[in-house]
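> In terms of full-length UniProt numbering, the sequence shown is numbered consecutively and its last residue is 837.
Glycine included, each C-beta is placed from N, C-alpha and C at the ideal position.
Sharing a structure, written as structure tokens. Questions coming.
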Amino acid sequence: MTLSEEKADDDVMKIAKKICSQLQSEDRKQRKRALKEFQDFITKENISDHNLRNIFNETQVYFVNTLRDKSEEVREAGVEFLKFLIIDILPINDFYLTYVFPAMVERIGSVELIEDSEEIRLCLLLLLSEIICKYSNTQQLKPFLNDSVTILCETVKDKFPAIKEKSCQCIVFLAKGLPKDFHLQAESLIKPVLTCFNHQRYKVRDEGIKCIGEILMHCTYKAVDMVMVPMAEKLFDQIPVVRRTVAQVATKWLTEYRDRYSYFHKILPLLLTGLNDEVPETREEAIKNWKIVGKQYQEENEKDLKDEMDFLIEPPKYYFPQLTRPSLGCRVLVQRHVGKIAPAIANELQSWQADVRFRCSQLLCAIVLHSENLLTMHLQSILPAMFSTARDEDNRVVENIIRASEIIGLFVPFDSWSKLVLPQIENSPHYGHITVLRSLIQGCPKDLIWSSLEQITDVLKEDAICCSRKKKFQNEMIKCVEAICLKYQEKENSEVGYHLFKIMLSAIALRDVENMHINIELLDKLSIALNLESTEKLWQIYLKKLLKEINADPASWTMFTAQCCLFDVILSSSGVALGENLNDVLSILREVLDTSTDAECRLKIFLALTVAFEHKETTFKNSTNLAQFFEQLINDVFVPSLVWHAGRTAEAMRTMVTTCLKTSLSPTTDVDLFADGNTLKPLLDKLVPLLLSLMEDAAWKSRLLAIECMVLLKQNAVQKNIWDVDNLIKVYPEMIKRLDDPTEKVREGSTRALRQIFEDCPEDFKAQHYKAHHELIIDTLLVHFDDDEDHVQELITDVLKIMAEINKELLVTKLNRVKPLLRNQKGSDNILKCIEL
Numbered sequence: 001m002t003l004s005e006e007k008a009d010d011d012v013m014k015i016a017k018k019i020c021s022q023l024q025s026e027d028r029k030q031r032k033r034a035l036k037e038f039q040d041f042i043t044k045e046n047i048s049d050h051n052l053r054n055i056f057n058e059t060q061v062y063f064v065n066t067l068r069d070k071s072e073e074v075r076e077a078g079v080e081f082l083k084f085l086i087i088d089i090l091p092i093n094d095f096y097l098t099y100v101f102p103a104m105v106e107r108i109g110s111v112e113l114i115e116d117s118e119e120i121r122l123c124l125l126l127l128l129s130e131i132i133c134k135y136s137n138t139q140q141l142k143p144f145l146n147d148s149v150t151i152l153c154e155t156v157k158d159k160f161p162a163i164k165e166k167s168c169q170c171i172v173f174l175a176k177g178l179p180k181d182f183h184l185q186a187e188s189l190i191k192p193v194l195t196c197f198n199h200q201r202y203k204v205r206d207e208g209i210k211c212i213g214e215i216l217m218h219c220t221y222k223a224v225d226m227v228m229v230p231m232a233e234k235l236f237d238q239i240p241v242v243r244r245t246v247a248q249v250a251t252k253w254l255t256e257y258r259d260r261y262s263y264f265h266k267i268l269p270l271l272l273t274g275l276n277d278e279v280p281e282t283r284e285e286a287i288k289n290w291k292i293v294g295k296q297y298q299e300e301n302e303k304d305l306k307d308e309m310d311f312l313i314e315p316p317k318y319y320f321p322q323l324t325r326p327s328l329g330c331r332v333l334v335q336r337h338v339g340k341i342a343p344a345i346a347n348e349l350q351s352w353q354a355d356v357r358f359r360c361s362q363l364l365c366a367i368v369l370h371s372e373n374l375l376t377m378h379l380q381s382i383l384p385a386m387f388s389t390a391r392d393e394d395n396r397v398v399e400n401i402i403r404a405s406e407i408i409g410l411f412v413p414f415d416s417w418s419k420l421v422l423p424q425i426e427n428s429p430h431y432g433h434i435t436v437l438r439s440l441i442q443g444c445p446k447d448l449i450w451s452s453l454e455q456i457t458d459v460l461k462e463d464a465i466c467c468s469r470k471k472k473f474q475n476e477m478i479k480c481v482e483a484i485c486l487k488y489q490e491k492e493n494s495e496v497g498y499h500l501f502k503i504m505l506s507a508i509a510l511r512d513v514e515n516m517h518i519n520i521e522l523l524d525k526l527s528i529a530l531n532l533e534s535t536e537k538l539w540q541i542y543l544k545k546l547l548k549e550i551n552a553d554p555a556s557w558t559m560f561t562a563q564c565c566l567f568d569v570i571l572s573s574s575g576v577a578l579g580e581n582l583n584d585v586l587s588i589l590r591e592v593l594d595t596s597t598d599a600e601c602r603l604k605i606f607l608a609l610t611v612a613f614e615h616k617e618t619t620f621k622n623s624t625n626l627a628q629f630f631e632q633l634i635n636d637v638f639v640p641s642l643v644w645h646a647g648r649t650a651e652a653m654r655t656m657v658t659t660c661l662k663t664s665l666s667p668t669t670d671v672d673l674f675a676d677g678n679t680l681k682p683l684l685d686k687l688v689p690l691l692l693s694l695m696e697d698a699a700w701k702s703r704l705l706a707i708e709c710m711v712l713l714k715q716n717a718v719q720k721n722i723w724d725v726d727n728l729i730k731v732y733p734e735m736i737k738r739l740d741d742p743t744e745k746v747r748e749g750s751t752r753a754l755r756q757i758f759e760d761c762p763e764d765f766k767a768q769h770y771k772a773h774h775e776l777i778i779d780t781l782l783v784h785f786d787d788d789e790d791h792v793q794e795l796i797t798d799v800l801k802i803m804a805e806i807n808k809e810l811l812v813t814k815l816n817r818v819k820p821l822l823r824n825q826k827g828s829d830n831i832l833k834c835i836e837l
């Protein structure tokens, strides 16, 4: 070096020291200005590396101390100057870092917060990041690994989100910058970084996941257990980007982690869950990454998988067309580890956290799809959890359980899953069992299950199962029946049809008030599924057996008894089939309608029986013993039920029984309830006294119905030629009394009834020795002839016209006698005119 050069170097050094001396000024502006002058000086002067080193050596104490300056502005300027000097000017040399790192550790690497400015902490962290990037993959950075980790352990826990985010990125840079040495300190960073996982800002969580992904690549097996649970929790994150990052990190571990074969069972769920993510972008990326993992695994195990690769290239025969079969590598990877994953799924499916159950149900779908028939041995642990989760309030969870069940039904043989599912349903059924069962049935190929359907329906048709009143249970039972119908195929001596008939009818009979869709029309679908001509045919085939089954102590029924509800539906809806099984129906009616049985139950059955009698032309069109049935019904049911008993319940019962009797006696084309007069006569003798007594009942409806029943009985008796004077004389006085009834409807009803009673009266009644009866009738009618209501006057007029046919002279005499006193002159003239004609 020449003298001139030495002098120049001395001049540069003097200028540098002079500028640095200003950094000790009391004026903060002066100190800040000095840093700017120093930077300009170094930039403008063409200083050699040797001189730069000398300048740094002589002046570092000044500008490094600016990091400790009282003024925030000066500290910030000091960081910027160091960044300029270390990153932009000075060459790579650990000599420079030796002076910088201690100050950085002091300011942002201590447990106690020294640097209180968030912005400056971030600037220092950015400086560290750029140092790591500049010195990446160099020996000069290695001595500062511990200091870097010390700093990052603290900054990653900083409250400032930007610092946490940048710290995670910096750790990744450090790991890549010292790939051979980072493992020495990697584990110490795990716990600090995990604090980012629960931060409210999703970007911090996202960077934290990426950071953990890189850290684990340099850790031992102990770290795997430390990070798996927090990573799994991020599968429940509400932000799709975060879930996507989890899948990306899992992909990296599955393909690059050196000890991955020992931890596949722990890492796989992180990626497999994303295969069914609700966000398309996340789902598509997970599928793409999973294919990469499967391909690599297949290549790494090519020798073991050679046979499958060469021969098992076609999907199974019944594979769902809407599903894409995973590659061989993907399937085998899952199948070899499903034994360790399945118990965890079973446990987490019953978690108290809704998000956990949802993501776990997504994972279940992926696992069953990949495991195929190898899942059989693990069903015992998974199915109970599926039963429980099928009742989840979150419909997304239930949909995943249904989807998983369908896939299980596709791959697992019926004999395997039925031995686990059906006993559970027999022991303590809830609608979750039925949901899983019907999904298994839906997934199972028809060719493989149709011959075994009777095993399923034989369990479901038990009263303890099919007679549930629970809303959701009923819905699932109907869906299960529909699933079975789709798999149904005729089989000799099969009871499947009857079982399905009973199950569906039970749901209809016991349906919850909100299940309006469960109605008798469902039997139309069942008849089609069973390849029957019509619903009528369905009833005709299976009703007799059902009647015999429910005929178990009907006397003990209440209105809520399942058998009572079934019988109610049978009476009101079975149509022709009811008339073909009258003996079995009567056997039940005798017991259930006995006067000693539950009153509400009797009311319910009488109402249903009334509905049946309203359609006599259909119900009894194929009946062969109708007259005998009706005779026994009157003797054993109606007669005892019409006997008066005290109490409001008994009163309501009499009203209902009379309504039913009236409906049964109503004339219908082609239906004759009485074989001949000899059959009707004894019944008439029993019913007439009861009906006459009922005309005095406290309930006006009962009085009115008794009158109407009497008219119908009279009409039937006239048809059978057994209506005589004695019957007429017994009946009409009680009806005439009802003209004074306090209830208007009863008065009107009795007036109409009198006209019908006196029509077609026996010829003997017209004889003169019955004149006293004639006088009583005419006098009573004339009393009511002047009723205030016009329509009553018209009704009385009609009855008097009928009486003119019985004793015209007497009527004319009495009418002329009282005519001057009557207001209804028009009516009296009308009657007299009719008589003259």
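Using a 10 Å radius around the Cβ and a threshold of 16 neighbouring Cβ atoms, would you call I437 buried or exposed?
Position check: residue 437 holds Leu in this sequence, whereas Ile was assumed. The residue in question, L437, is buried, as its Cβ has 16 or more Cβ neighbours within 10 Å.
> Can you check which of these residues, G329, D394, P321, is closest to residue 895 by C-alpha distance?
Examination of residue 895 is not possible in this model, given that the chain is present from 1 through 837 alone.
> Would you kindly check if the distance between the Cβ of D568 and the Cβ of I605 is under 8 Å?
I605 places its beta carbon less than 8 Å from that of D568.
> Have a look at R258 and I449 and give me their C-alpha separation to the nearest angstrom.
Distance between the alpha carbons of R258 and I449: 46 Å.
> In or out: V731 buried (at least 16 other Cβ within 10 Å) or exposed?
buried
> Can you give the beta carbon distance from D90 to T66, rounded, assuming they're within the 8 Å contact cut?
This sequence places Leu at residue 90; Asp is not what is there. Under the criterion of beta carbons closer than 8 Å, L90 and T66 do not qualify as touching, at roughly 17 Å.
> Based on the DSSP secondary-structure assignment, which residues constitute the bridge partners of V671?
DSSP output for V671 lists T668 as bridge partner(s).
> Mapping DSSP to helix, strand and coil, what is V246?
helix
> Thinking C-beta only, is T435 closer than 8 Å to E492?
Going by C-beta atoms, E492 is not nearer than 8 Å to T435.
> Ignore the nearest five residues each way along the sequence and tell me which others in D116's own chain have a CB closer than 7 Å to its CB.
none
> Between C709, F620, T679, V639, which has its C-alpha nearest residue 841's C-alpha?
Only positions 1 to 837 of the chain appear in this structure, which leaves residue 841 out of reach.
> Rounded to the nearest angstrom, what separates E207 and T155 at their Cα positions?
14 Å
> When you compare each of N830, L333, K808 to W290 by their alpha carbons, which one comes out closest?
L333
> By the 10 Å Cβ neighbour count, where 16 or more other Cβ atoms means buried, how is W417 classified, buried or exposed?
A residue is called buried when at least 16 other Cβ atoms come within 10 angstroms of its Cβ; W417 meets this threshold and is buried.
> Taking the C-alpha atoms as reference points, what is the distance between K548 and C660?
24 Å
> Taking Q489 as the reference, give the member of N515, K502, F501, E454 with the closest Cα.
E454
> Relative to the C-alpha of A175, which residue among L189, A162, K164, E165 is closest?
L189
> Pairing CB atoms from the region 508-518 with CB atoms from the region 538-555, are three or more of them under 8 Å?
no
> How about I401 and S428: do their beta carbons lie closer than 8 Å?
Contact flag unset, no.
> With DSSP run on the structure shown, which of helix, strand or coil describes S623?
The answer is coil: DSSP assigns S623 none of H, G, I, E or B.
> Considering only residues of the same chain and omitting the five flanking positions on each side of K808, which have a CB-CB separation below 8 Å?
I835
> For residue 838, which of T43, G749, N622, I108 has the nearest alpha-carbon?
The requested residue 838 is not part of the displayed model; the chain covers only 1 to 837.
> Quick check on I520: does DSSP put it in helix, strand or coil?
coil
> If we call anything under 8 Å between Cβ atoms a contact, is A507 one with I478?
Yes, the pair counts as a contact, with Cβ atoms nearer than the cut-off.
> Within 8 Å, do at least three Cβ pairs link the region 389-403 to the region 298-305?
no
> For the region 270-309, which segments carrying the alpha helix (DSSP H) assignment without a break, of at least 4 residues, lie completely within its bounds, in sequence order?
Complete alpha helix (DSSP H) runs here, min 4: 280-300.
> Output the boundary residues of the alpha helix (DSSP H) element that contains Q455.
453-460
> Starting from the C-beta of L752, find all residues in its chain whose C-beta is less than 7 Å away, skip the five residues before and the five after it, and write them out in chain order.
According to the sequence displayed, residue 752 carries Arg and not Leu. Answer for R752: L795, listed in chain order.
> Where do the ends of the alpha helix (DSSP H) carrying N515 lie?
Counting along the chain, N515 falls outside any alpha helix (DSSP H), and DSSP gives it neither H nor E.
> Comparing alpha-carbon positions, which option in D779, C485, E763, A675 lies nearest N816?
D779
> Relative to the C-alpha of F56, which candidate in H265, I86, R107 has its C-alpha closest?
The option with the nearest alpha carbon to F56 is I86.
> Fully enclosed by the region 699-771, which alpha helix (DSSP H) runs are 4 residues long or longer?
700-719, 725-737, 744-758
> Just the Cα atoms here: how many angstroms apart are G497 and H433?
If you take the alpha carbons of G497 and H433, they lie about 22 Å apart.
> Identify, in the order they occur along the chain, each residue of the same chain with its Cβ nearer than 6 Å to the Cβ of L626, setting aside the five sequence neighbours on each side.
Excluding positions up to five away in sequence, the list reads F620.
> Can you give me the Cβ contacts of L566 inside the same chain, cut-off strictly under 6 Å, excluding the 5 residues immediately before and after it?
A509, I550.
> Write down the C-beta distance between V459 and I425 rounded to the nearest angstrom, noting that I regard them as a contact closer than 8 Å.
The C-beta distance from V459 to I425 rounds to 6 Å, short enough to meet the 8 Å contact threshold.
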